[in-house]
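Engineer: Chains as they are written, first to last, in full-length UniProt numbering: chain A, 1 to 295; chain B, 1 to 347.
For each residue, glycine too, the CB sits at the ideal point set by N, CA and C.
Here's a structure for you.
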């Protein structure tokens, strides 16, 4: 079962928020949807799930177009944090409600998970802390048994322990290869070690679709020091500077070919050290203007 | 009615509102009933004396009031015993209907429809269902028929309690109501509830926030109804054929009954069609379907000046100009407000 989004468009007022969103998801992936705040990540989720009616494009789940009325839409679970009608409901009542909305919703899974979090069915959602509310959302997503789960900024404002619990739940859920998570975030550090593929949203399009393994084969992050303060041409041409501290330059080369390597060695750097490349680095490379001031 | 699971969902969602409506209707019914019975018994204690009757009869004749013509004192005393003056072969009995179908009978279905549709929009329940397997039309229809059934259940219970109360509190001979009268009363109840509930659902479905629903929807609806009333009084009601139809009591009633149903059905289908096309990026704004603002603008330009007439210094030109200027200013404010929101709409 694959989910394919093709040329999805959404205009809000006179602004074209989504111009050409195209990507596909296969079972068993954890995919990051990344872009700065206000770029349209939530709009993508809302348009795919038909809260917003698209101006163009299709969302195909195998052969079913989800942009039209379709019972197959239950294959996608998306809880919009800004659209929670059940804030005042007790957890048990939320489960009953979702069991009616999603035919495959498993109430026993939900009960088991909330029990594991130390919560009781009689507690109201609004009485819980932000962290526990986030855990309940994930429990709902897992209990829905939907093969595609969209999480929108699920770690926003959460402490490390809650984040770790959510990450573990997501990783466990994907382990059997039947489910896919699409996780939107403006903070790549949150997706580090979780997503194996990242979609960058820029100017209403998916500007890059990166598999982390491929990126790490092509791109490198180096810490360089040269004899003079002048930045060599090879860096300006092929690299993206992340940071400059004194004469220490942190730079990412998105496409580190043997030619680039040779040109760099020809500059005889005093220090040439390879650093681990994180998703945050890729985010900066993608969204920071090429000649933006760094420091 | 749609999927039974959706019905269950709608039931869970609106259980509390339905209970409140039921309790309110029953309380109002009991209050009304108590008041009617009390008035009836008071009336029995304070009959006019023969001298007072003759004096009143003369006074009425002077005023060209034919109520007392051919009426003896004993007829008067006999009439006084009746709660409703018997009109056994009539479907529509104004004195019976006006006792039970009061202004509250119009307000309750309007607000109940508005609350059912409006709270689902304002609380994001619609958003949750739009994302699920259910069709929007299914949600609209299920909620509508569920709400209308509960409403009719409550108001019919209210009618039942009132009628039983009449027979319990007044000697049966003097209640003066036939089965045909009761049928007419139930038909009135059905027509009023259907039309007002449908109007409430329409306002609650199209407007995007509680502010929009109450300020623009209800106020706009009230001004519109008032303009229609003006129009009817000034044109239709002075028409000869209308007067002729009106003189045929039950036929006129049946005509109004059919009109109410046709209007309800039209509003139902239009609202359902619009609900199917709602895109939620406009929630929290005034309208869920911004394209409709031109329709509303034109509507306001017609009904507001017409309804208020020469309200300013009794001068038509001045009144119409000021009314139109106010509508245009409101329209500009609306557009500016939406433009500012558009900038923040994308997340």
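In three-state terms, what does DSSP make of residue 193(B)?
Structural biologist: Taking the first residue of the second chain as position 1, residue 193(B) is located at position 193. Three-state DSSP puts residue 193(B) in a helix.
Engineer: Quick one: which chain A residues come within Cβ less than 9 Å of residue 5(B)?
Structural biologist: The residue you call residue 5(B) lines up with position 5 of the second chain. Under the 9 Å cutoff, chain A gives 99, 100, 101, 103.
Engineer: Mind checking who residue 181(A) pairs with in its DSSP beta bridge?
Structural biologist: Indexing the first chain from 1 puts residue 181(A) at position 181. Its beta-bridge partners are 30(A), 149(A).
Engineer: Which residue comes first and which comes last in the alpha helix (DSSP H) that contains residue 205(A)?
Structural biologist: Working through the first chain from its first residue, we reach residue 205(A) at position 205. Element bounds for residue 205(A): not the alpha helix (DSSP H) but the beta strand (DSSP E), 205-211.
Engineer: Quick one: what does DSSP say residue 102(B) is sitting in, helix, strand or coil?
Structural biologist: Here residue 102(B) refers to the residue found at position 102 when the second chain is read from its first residue. If DSSP states are grouped into helix, strand and coil, residue 102(B) belongs with coil.
Engineer: Quick one: give me the first and last residue of the alpha helix (DSSP H) that residue 32(B) is part of.
Structural biologist: Here residue 32(B) corresponds to residue number 32 of the second chain, with the count starting at 1. Element bounds for residue 32(B): 4-45.
Engineer: Applying the 10 Å Cβ sphere with the 16-neighbour rule, what's the burial state of residue 225(A)?
Structural biologist: For this step, residue 225(A) is matched to residue 225 along the first chain. Looking at its Cβ environment, which holds fewer than 16 other Cβ atoms inside 10 Å, residue 225(A) is exposed.
Engineer: In this structure, does DSSP put residue 223(A) in helix, strand or coil?
Structural biologist: In the first chain, residue 223(A) corresponds to position 223, counting from 1. Note: residue 223(A) maps to strand in three-state DSSP.
Engineer: Is it right to say residue 364(B) is buried, meaning 16 or more other beta carbons lie within 10 angstroms of its own, or is it exposed?
Structural biologist: Since the first and last residues shown for chain B are 1 and 347, residue 364(B) lies out of range.
Engineer: Between the segment 27-38 of chain B and the segment 111-130 of chain B, do at least 3 Cβ pairs fall closer than 8 Å?
Structural biologist: In short, these stretches do not touch, since the Cβ pair count stays below three.
Engineer: Going by other Cβ atoms of all chains shown within 10 Å of its Cβ, with 16 needed for buried, is residue 54(A) buried or exposed?
Structural biologist: The residue given as residue 54(A) occupies position 54 in the first chain. It counts as buried.
Engineer: With 7 Å as the limit, tell me which residues of the segment 66-82 of chain A have their beta carbon closer than that to any beta carbon of chain B; keep them in chain order.
Structural biologist: Within the segment 66-82 of chain A, the qualifying residues are 69, 71, 73, 74, 78, 80.
Engineer: Look up residue 230(A) in the DSSP assignment and say whether it is helix, strand or coil.
Structural biologist: Working through the first chain from its first residue, we reach residue 230(A) at position 230. Residue 230(A) falls in the coil class under three-state DSSP.
Engineer: Once DSSP output is grouped into helix, strand and coil, what is the label at residue 19(A)?
Structural biologist: Position 19 of the first chain holds residue 19(A). It is a strand residue.
Engineer: Tell me whether residue 305(B) is buried or exposed, calling it buried when 16 or more other Cβ atoms sit within 10 Å of its Cβ.
Structural biologist: The residue labelled residue 305(B) in the question sits at position 305 within the second chain. Buried, since its Cβ has 16 or more Cβ neighbours within 10 Å.
Engineer: Out of 83(B), 253(B), 308(B), which one is the CA nearest neighbour of residue 231(B)?
Structural biologist: Walking along the second chain from the start, residue 231(B) turns up at place 231. It is 308(B) whose Cα lies nearest to the Cα of residue 231(B).
Engineer: Pick out whichever of 6(B), 337(B), 335(B) has its Cα sitting closest to the Cα of residue 126(B).
Structural biologist: As a first step, residue 126(B) must be located in the second chain, where it is residue number 126. That would be 6(B), whose Cα lies nearest to the Cα of residue 126(B).
Engineer: Is it right to say residue 295(A) is buried, meaning 16 or more other beta carbons lie within 10 angstroms of its own, or is it exposed?
Structural biologist: For the purposes of this step, residue 295(A) is identified with residue 295 of the first chain, where counting begins at 1. Note that residue 295(A) scores 45 on pLDDT, short of 50, meaning its location in the model is unreliable and no value can be drawn from it.
Engineer: Which class does residue 77(A) belong to by DSSP, given the choice of helix, strand or coil?
Structural biologist: Indexing the first chain from 1 puts residue 77(A) at position 77. Strand at residue 77(A).
Engineer: Counting only Cβ pairs nearer than 7 Å, list the residues of chain A close to residue 281(B).
Structural biologist: Position 281 of the second chain, counted from the start, is the residue given in the question as residue 281(B). Near residue 281(B) (Cβ distances below 7 Å), the residues of chain A are 12, 52.
Engineer: So, at 8 Å on beta carbons, what are the nonlocal neighbours of residue 248(A) in its own chain, with the 5 sequence-adjacent residues on each side left out?
Structural biologist: Against the first chain, residue 248(A) aligns to sequence position 248. Cβ neighbours of residue 248(A) beyond the five flanking positions: 223, 224, 225, 271.
Engineer: Tell me residue 64(A)'s beta-bridge partners as DSSP assigns them.
Structural biologist: To locate residue 64(A), count along the first chain from 1; it is residue 64. Per DSSP, 61(A).
Engineer: Quick one: Cα of residue 73(B) to Cα of residue 67(B), how far?
Structural biologist: The sequence position of residue 73(B) within the second chain is 73, counting from 1. The sequence position of residue 67(B) within the second chain is 67, counting from 1. Their Cα atoms are separated by approximately 13 Å.
Engineer: Under the DSSP definition of a beta bridge, which residues are partnered with residue 6(A)?
Structural biologist: Your numbering for residue 6(A) matches position 6 in the first chain. Looking at the DSSP assignment, residue 6(A) forms a beta bridge with 58(A).
Engineer: Hey, does residue 278(B) have any beta-carbon neighbour from chain A nearer than 9 Å?
Structural biologist: Stepping through the second chain from its first residue, residue 278(B) is reached at position 278. Answer yes: the Cβ-Cβ gap between residue 278(B) and chain A drops below 9 Å somewhere.
Engineer: For residue 63(B), count neighbouring Cβ atoms within 10 angstroms of its own Cβ and tell me buried if that reaches 16, exposed if not.
Structural biologist: Within the second chain, residue 63(B) is the residue found at index 63, counting from 1. Residue 63(B) is exposed by the Cβ-count criterion.
Engineer: Kindly indicate which residue of 100(B), 149(B), 4(B), 263(B) has the alpha-carbon position closest to the one of residue 184(B).
Structural biologist: Your numbering for residue 184(B) matches position 184 in the second chain. Taking only the C-alpha atoms, the option nearest residue 184(B) is 100(B).
Engineer: Is residue 144(A) buried or exposed, if buried means 16 or more other CB atoms sit within 10 Å of its CB?
Structural biologist: By one-based count along the first chain, residue 144(A) stands at place 144. Flag for residue 144(A) reads buried.
Engineer: Taking the alpha-carbon positions, what's the residue 22(B) to residue 154(B) distance?
Structural biologist: Here the question's residue 22(B) lines up with position 22 in the second chain. Here the question's residue 154(B) lines up with position 154 in the second chain. Using only the alpha carbons, I get a separation of about 5 Å.
Engineer: Should residue 277(B) go down as buried or exposed, given a rule of 16 or more other Cβ atoms within 10 Å for buried?
Structural biologist: Translated into positions along the second chain, residue 277(B) becomes position 277. Flag for residue 277(B) reads exposed.
Engineer: Quick check on residue 43(A) - is its C-beta less than 9 Å from some C-beta in chain B?
Structural biologist: On the first chain, position 43 is the one that residue 43(A) refers to. Closer than 9 Å to some Cβ of chain B, the Cβ of residue 43(A) qualifies, so yes.
Engineer: Counting only runs that start and end within the segment 115-177 of chain B, where is the alpha helix (DSSP H) found for 4 or more residues in a row?
Structural biologist: Correct list: 125-131, 136-169.
Engineer: Buried or exposed: which applies to residue 335(B), given that a residue is buried once 16 or more other Cβ atoms fall within 10 Å of its Cβ?
Structural biologist: Reading the second chain from its first residue, position 335 is the one you call residue 335(B). By the 10 Å Cβ count, residue 335(B) comes out exposed.
Engineer: Which of helix, strand or coil does DSSP assign to residue 200(A)?
Structural biologist: Within the first chain, numbered from 1, the residue matching residue 200(A) stands at position 200. Residue 200(A): strand per DSSP, three-state reduction.
Engineer: Straight-line CA distance for residue 16(A) to residue 288(B)?
Structural biologist: Here residue 16(A) refers to the residue found at position 16 of the first chain. Here residue 288(B) refers to the residue found at position 288 of the second chain. Straight-line Cα distance between these residues: approximately 19 Å.
Engineer: On the DSSP bridge list, what partners appear for residue 272(A)?
Structural biologist: As a working note, residue 272(A) is residue 272 in the first chain. Paired residues: 224(A).
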